[in-house]
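J.: Below: one structure in structure tokens.
2 protein chains.
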Amino acid sequence: MTTPKHYQALSQEFQRIYHFQHLQALGDWDQATMMPMGGSHGRAEAMAELAVHIHQLKTAPLLLELLDCADSEPLSPSQRANLTEMRYQTLQANALPSALVQAKTQLTYQCEHAWRDQRKNNDWQGFAPNLTAVIDLVREEAQILGEAQGLSPYDALLNKFEPGTQACQIEQVFNEVKTWLPDLIKQVQQHQASRPHLTIPASSVDKQQALSLDVMSLLGFDFNQGRLDVSSHPFSGGVPGDQRITTRYEEQDFLSALFSTIHETGHARYEQGLPLEWRGQPAGQARSMAIHESQSLFFEMQLARGKGLLSPLTAKVNQHLGTQFTATQLEHLTTQVTPGLIRVDADEVTYPCHIMLRFDAEKALVDGSLSVADLPDFWDNAMQSLLGLSTKDNDRNGCMQDIHWPVGELGYFPSYTLGAMYAAQLRGAIEAQLGNIDQLVSDGKLNRVFEWLQHNIWSKGSLLTTNELITAATGESLNPQHFKRHLFNRYL
Amino acid sequence: MTTPKHYQALSQEFQRIYHFQHLQALGDWDQATMMPMGGSHGRAEAMAELAVHIHQLKTAPLLLELLDCADSEPLSPSQRANLTEMRYQTLQANALPSALVQAKTQLTYQCEHAWRDQRKNNDWQGFAPNLTAVIDLVREEAQILGEAQGLSPYDALLNKFEPGTQACQIEQVFNEVKTWLPDLIKQVQQHQASRPHLTIPASSVDKQQALSLDVMSLLGFDFNQGRLDVSSHPFSGGVPGDQRITTRYEEQDFLSALFSTIHETGHARYEQGLPLEWRGQPAGQARSMAIHESQSLFFEMQLARGKGLLSPLTAKVNQHLGTQFTATQLEHLTTQVTPGLIRVDADEVTYPCHIMLRFDAEKALVDGSLSVADLPDFWDNAMQSLLGLSTKDNDRNGCMQDIHWPVGELGYFPSYTLGAMYAAQLRGAIEAQLGNIDQLVSDGKLNRVFEWLQHNIWSKGSLLTTNELITAATGESLNPQHFKRHLFNRYL
Ligand SMILES: [Zn+2]
Ligand SMILES: [Zn+2]
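Protein sequence lines correspond, in order, to chains A and B.
Heads up: take any position in the first sequence, counting from 1, add 62, and you land on the working numbering.
Heads up: take any position in the second sequence, counting from 1, add 62, and you land on the working numbering.
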């Protein structure tokens with residue numbers, strides 16, 4: 063077997079790109095957690111220079127030549143999977159003319175900037191023309207990306223975040239969900255109507271921080287390879303060997319920081335568990351946004367809101383905050399279902415409604431069947447039918463609430479609900495193989511759950527496609543019935 | 063006047079280099095303050111990649127061509143100064159063959175690594191061959207750098223840190239100092255013998271940190287353009303618009319963190335005060351290591367140990383730490399003169415002895431008149447003659463104490479004492495123009511001192527040579543008499 067020298071050369075190039083992406087991750091994290099305001103200008107310039115450099119590396123003609131040569135080399139299945147990912151990343155970087163990339167960067171920067179005030183002021187008339195311009199450009203982007211990959215325009219956007227996933231599959235899944243979810247929500251509300259009202263006592267940031275760190279340890283976060291800090295919006299950043307997660311403490315609501323820490327810990331453990339021998343290579347990276355979200359939601363929803371983990375969690379809350387909650391009280395507080403207008407505040411049951419609405423809207427915006435002018439009515443109708451709420455003359459809390467569209471990120475929203483579904487499906491597989499998860503946790507065998515995830519998801523990186531990964535782990539493709547069963551089990 | 067288009071193109075190239083240096087500064091700071099141990103490997107790889115990239119940018123053939131073309135363009139005096147700095151940096155980057163640079167990186171990495179244990183174990187026999195190999199390579203480096211600039215080998219090393227300074231000038235200055243300093247040290251010790259003994263109460267890290275931050279505000283540190291953190295060795299890092307300084311808290315000795323914070327604040331204000339209109343250009347950078355140290359030592363020695371600032375400083379100490387010091391007590395604690403073996407623990411008066419010894423030694427090591435084998439005897443003799451102390455069989459606290467030589471940084475040591483001398487000379491100029499500094503501070507006019515430094519030093523960046531800068535600010539070249547007068551005034 064000859065040495066695959068072109069493949070080796072490619073690996074080196076991607077390793078180099080990865081080193082600069084390491085610096086990008088550091089710059090982003092520092093900007094959100096440590097950087098004083100006065101550092102913004104210099105940092106923005108440095109990060110822009112870095113982005114240009116990474117783009118140059120990814121679009122170097124040498125890379126395309128090497129890709130073609132490597133294709134005919136004798137490669138192991140893993141090397142071939144890596145080559146596929148390399149080709150995909152190269153295609154994504156090369157597909158768009160740089161004039162379009164620059165125009166989008168400028169336009170979305172302006173749109174986002176104006177949106178921050180326009181949203182506050184419920185200024186739809188001001189926002190609509192900006193959003194129209196962004197959507198027009200995104201349509202152009204989708205068209206070009208689609209042609210390069212033989213995909214429809216919207217599928218091309220979807221594939222930026224979920225390679226291999228098509229809108230028609232998601233439609234099928236979501237259409238089925240729409241047949242039972244609105245009804246389930248009503249039933250759950252009736253079911254929870256008799257719950258006693260609980261108040262949450264205030265707790266200091268210091269105590270909440272100690273609680274967060276303690277819970278991260280419980281969940282196996284490796285502090286030798288990461289840290290917890292504070293930012294205005296919680297996120298997980300850094301690199302696989304150095305995960306930087308953040309939270310935000312609200313004195314009046316310790317559950318906010320606690321559960322966002324648990325969520326980000328799920329993201330971080332995925333990154334910390336990515337295959338070390340593939341670090342720096344495309345095949346060593348996290349599979350997709352939905353798989354990433356499946357891990358954070360597995361931690362936040364499947365594990366932390368389950369009876370097994372709620373018990374030690376309640377003990378830690380009481381210990382650090384001096385409260386006297388029972389596990390049942392904490393369960394009630396964290397499983398309360400209340401239809402609302404705001405996606406990021408939504409509970410586990412109503413959350414998919416927010417996503418399905420956005421999925422329908424952005425598909426229609428991209429294929430031109432919905433104009434930006436008609437978006438408020440569309441939103442109001444969908445909210446009425448899904449959650450029984452109106453957003454009439456309240457666009458601030460309707461179609462203007464998210465940052466995704468102002469910054470031109472269409473195709474991202476489905477990841478959230480796909481992630482929730484994958485999480486439920488993974489739970490099903492774990493329970494089939496290891497037994498009831500709450501029981502495992504109660505028996506002190508939480509680690510067996512993590513080992514399963516390490517073996518079946520984390521260690522696989524991008525060596526398998528999303529569908530291969532989920533099929534290998536659970537024995538079937540995406541099957542939303544697990545999510546349905548989970549919601550019915552937990553909430554009725 | 064035609065547009066100097068080659069000069070403009072050069073400026074853009076150096077701006078680009080600066081953006082990557084921004085990322086380098088961030089990576090270094092994060093590594094020392096925030097990064098968990100497990101992140102080391104990935105960070106080291108990313109930083110090495112970045113260093114290679116910066117070196118490539120600095121040695122691009124295009125740069126040399128542009129430098130030649132720009133030379134004949136009509137430039138303003140400031141642009142010409144910038145061009146001189148560009149040429150200097152390019153020369154430094156191009157002079158050394160990359161094989162030598164790589165060999166030095168590897169060799170010094172190994173030497174430093176082994177040194178950490180060898181120093182602990184007082185293992186001179188183990189350390190000597192490693193140091194010999196490093197010195198041999200540094201001699202080669204010095205030879206090449208010297209030939210490229212028409213300088214003697216040692217002057218070439220000196221010029222890496224102090225462009226334009228020659229060993230013969232320093233020799234002249236140091237030889238004069240040797241005629242009076244050993245005697246002064248004895249006199250000061252007698253003078254201080256009757257001082258009452260004071261004990262330092264323990265203080266918590268939190269209180270010391272609040273004190274540090276408060277004192278930084280008093281000294282005009284701009285927290286919108288910087289921050290204070292903790293590292294195992296205090297340093298100032300970051301970029302001019304975002305200064306990251308660090309300190310280290312010892313519960314048993316609050317003076318350590320307090321005065322290292324004041325020292326680093328001096329470095330940071332210099333950086334924060336560099337000319338905004340030249341930011342990112344070689345002419346906009348700090349002039350030299352000695353000028354940098356002159357600012358930190360001006361803050362730490364001239365200002366903070368002076369009667370003017372000691373009074374508000376004492377108030378803040380008492381306020382934050384709950385102590386009851388008088389200003390005189392704090393003065394006694396911070397001006398105690400005690401000959402010792404360790405440079406970094408030395409007081410203001412004995413410090414130059416440590417530097418003069420190292421300057422003589424490294425000159426002789428580079429010109430071959432001193433062999434590594436003879437270094438311990440050389441050190442012992444010099445310590446005996448300068449401070450009356452022996453390092454016989456105590457190399458750990460003698461010639462093995464500093465990290466500089468194991469990492470191949472010869473030519474750096476003189477900067478410390480040149481900095482102390484420049485600081486005293488600047489004080490002389492300020493007092494000639496504005497009146498007694500202690501009086502100014504007592505009168506609430508500390509800001510006038512900072513304005514003078516801003517106008518005469520900080521805002522000049524590298525637009526002037528070191529000699530031009532000091533002459534413009536003080537009316538004369540380096541004149542060690544100011545330092546002598548300062549020591550006699552303060553300590554006798
Ligand atoms: Zn998430
Ligand atoms: Zn210093």
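C-beta: ideal position from N, C-alpha, C; glycine also.
Since the structure is predicted, the reported quantities are computational estimates derived from the model, not experimental observations.
#1: Beta-carbon within less than 7 angstroms of Q80(B)'s beta-carbon, same chain only, minus the 5 sequence neighbours each way: which residues are those?
#2: Taking the beta carbon of S256(A) as the centre, do at least 16 other beta carbons fall within 10 Å, making it buried, or is it exposed?
#3: Tell me which residues of the region 282-302 of chain B have at least one Cβ-Cβ distance to chain C shorter than 9 angstroms, keeping chain order.
#4: What number of angstroms, rounded off, separates the C-alpha of L129(B) from the C-alpha of S524(B)?
#5: Bridge partners for D304(B) per DSSP, in chain order?
#6: Between the Cα of A319(A) and the Cα atoms of G303(A), F297(A), Y332(A) and A330(A), which residue gives the shortest distance?
#7: Taking Cβ to Cβ, would you say A272(B) is nearer than 7 angstroms to E313(B)?
#8: S358(B): beta carbon under 6 angstroms from a heavy atom of ligand 2?
#9: At which residue ranges does the region 370-437 of chain B contain complete alpha helix (DSSP H) runs of 4 or more residues, listed in the order of the chain?
#10: Listing by chain order, which chain B residues have their CB less than 9 angstroms from the CB of A108(A)?
#11: Would you say the beta carbon of E424(B) is closer than 6 angstroms to some non-hydrogen atom of ligand 1?
#12: Answer yes or no: does any C-beta atom of chain B fall closer than 7 angstroms to that of F111(A)?
#13: Taking G481(B) as the query, report the chain A residues whose CB atoms sit under 7 angstroms from its CB, ordered along the chain.
#14: Can you name, in chain order, every residue of its own chain whose Cβ lies under 7 angstroms from the Cβ of Q446(A), other than the five neighbours on each side?
#15: What does D92(A) touch in chain B if you count any residue whose Cβ is under 8 angstroms from its own?
#16: With burial defined as no fewer than 16 other Cβ atoms inside 10 Å of the residue's Cβ, what is the status of V511(B): buried or exposed?
#17: Would DSSP call T536(A) helix, strand or coil?
#18: Can you name, in chain order, every residue of its own chain whose Cβ lies under 8 angstroms from the Cβ of D133(A), other than the five neighbours on each side?
#19: Taking the Cβ atom as the reference point for each residue, do A435(B) and L419(B) lie within a distance shorter than 7 angstroms?
#20: Span of the alpha helix (DSSP H) holding R289(A)?
#21: For D457(B), collect the residues of the same chain with a Cβ closer than 7 angstroms to its Cβ; drop the 5 residues on either side in sequence, then sort them by chain order.
#22: Short of 7 angstroms in beta carbon distance, which residues of its chain neighbour K120(A), apart from the five on each side in sequence? Order them along the chain.
#23: What does P263(A) touch in chain B if you count any residue whose Cβ is under 8 angstroms from its own?
#24: At the 7 angstroms Cβ level, is P344(A) part of the contact set with chain B, yes or no?
#25: Given the structure, does E471(A) come close to ligand 1, in the sense that its CB is under 6 angstroms from one of the ligand's heavy atoms?
#26: Three or more C-beta pairs under 8 angstroms: does that hold for the region 347-357 of chain A against the region 400-417 of chain A?
#27: Roughly how many whole angstroms lie between the Cα atoms of A108(B) and L85(A)?
#28: Thinking C-beta only, is V277(B) closer than 7 angstroms to L472(B)?
#29: Work out the CA separation of D505(A) and L375(A) for me, nearest whole Å.
#30: Report all residues from its chain with a CB closer than 6 angstroms to the CB of A71(A); omit the five preceding and five following residues, and keep chain order.
#31: Taking Cβ to Cβ, would you say D245(A) is nearer than 7 angstroms to A229(A)?
#32: Tell me, please, whether the CB atom of G497(A) is closer than 7 angstroms to any CB atom in chain B?
#33: Using a Cβ-Cβ distance under 7 angstroms, would G100(A) count as near chain B?
#34: Check whether the region 170-177 of chain A touches the region 362-382 of chain A, counting contact only when three or more Cβ pairs, one atom from each stretch, lie closer than 8 angstroms.
T.: Per the coordinate set shown:
#1: Per the sequence presented here, residue 80(B) reads as Tyr, with Gln not at that position. The answer, listed in chain order, is G342.
#2: Exposed is the call here.
#3: Among the protein chains of the structure shown, namely A and B, there is no chain C.
#4: Distance between the alpha carbons of L129(B) and S524(B) is about 18 angstroms.
#5: V301(B), per the DSSP bridge assignment.
#6: Ranking G303(A), F297(A), Y332(A) and A330(A) by Cα distance to A319(A) puts F297(A) first.
#7: Taking 7 angstroms as the Cβ cut-off, A272(B) and E313(B) do not qualify as a contacting pair.
#8: Result yes, Cβ under 6 angstroms from ligand 2.
#9: Taking only runs of at least 4 residues, the alpha helix (DSSP H) segments lying wholly in the region 370-437 of chain B are 389-396 and 413-429.
#10: For A108(A), the neighbours in chain B by C-beta distance under 9 angstroms run, in chain order, Y80, H81, F82, Q83, H84, L85, L88 and V301.
#11: Not one heavy atom of ligand 1 is found less than 6 angstroms from the C-beta of E424(B).
#12: Note on identity: in this sequence residue 111(A) is Glu, with Phe being the wrong assignment. It does; some Cβ of chain B falls within 7 angstroms.
#13: Correct list: empty, because the minimum Cβ distance to chain A is about 26 angstroms.
#14: The beta carbon of Q446(A) lies closer than 7 angstroms to those of S452 in the same chain, with the five residues before and after it left out.
#15: Under the 8 angstroms cutoff, chain B gives L88 and D92.
#16: With 16 or more other Cβ atoms within 10 Å, it is buried.
#17: In the structure shown, T536(A) adopts helical secondary structure according to DSSP, grouped into three states.
#18: The residues are L145.
#19: For the 7 angstroms CB-CB criterion, A435(B) and L419(B) do not form a contact.
#20: R289(A) -> not in any alpha helix (DSSP H); beta strand (DSSP E) instead, spanning G288 to V292.
#21: Hits under 7 angstroms: N184, W186 and P438.
#22: Hits under 7 angstroms: I79, Q151, T152 and A155.
#23: Going along chain B, no residue has its Cβ under 8 angstroms from P263(A), so there is no contact; the nearest lies around 25 angstroms.
#24: Answer no: the Cβ-Cβ gap between P344(A) and chain B never drops below 7 angstroms.
#25: In this structure, E471(A) has its beta carbon at no less than 6 angstroms from each heavy atom of ligand 1.
#26: The region 347-357 of chain A is not in contact with the region 400-417 of chain A.
#27: Going by the C-alpha atoms only, they are around 7 angstroms apart.
#28: No, the pair does not count as a contact, with Cβ atoms beyond the cut-off.
#29: Distance between the alpha carbons of L375(A) and D505(A) is about 15 angstroms.
#30: L128, listed in sequence order.
#31: Between D245(A) and A229(A), the C-beta spacing is not below 7 angstroms.
#32: Using a Cβ-Cβ cut-off of 7 angstroms, G497(A) does not count as an interface residue toward chain B, since no Cβ of chain B sits closer than that to its own.
#33: Using a Cβ-Cβ cut-off of 7 angstroms, G100(A) counts as an interface residue toward chain B, since at least one Cβ of chain B sits closer than that to its own.
#34: No, they do not touch.
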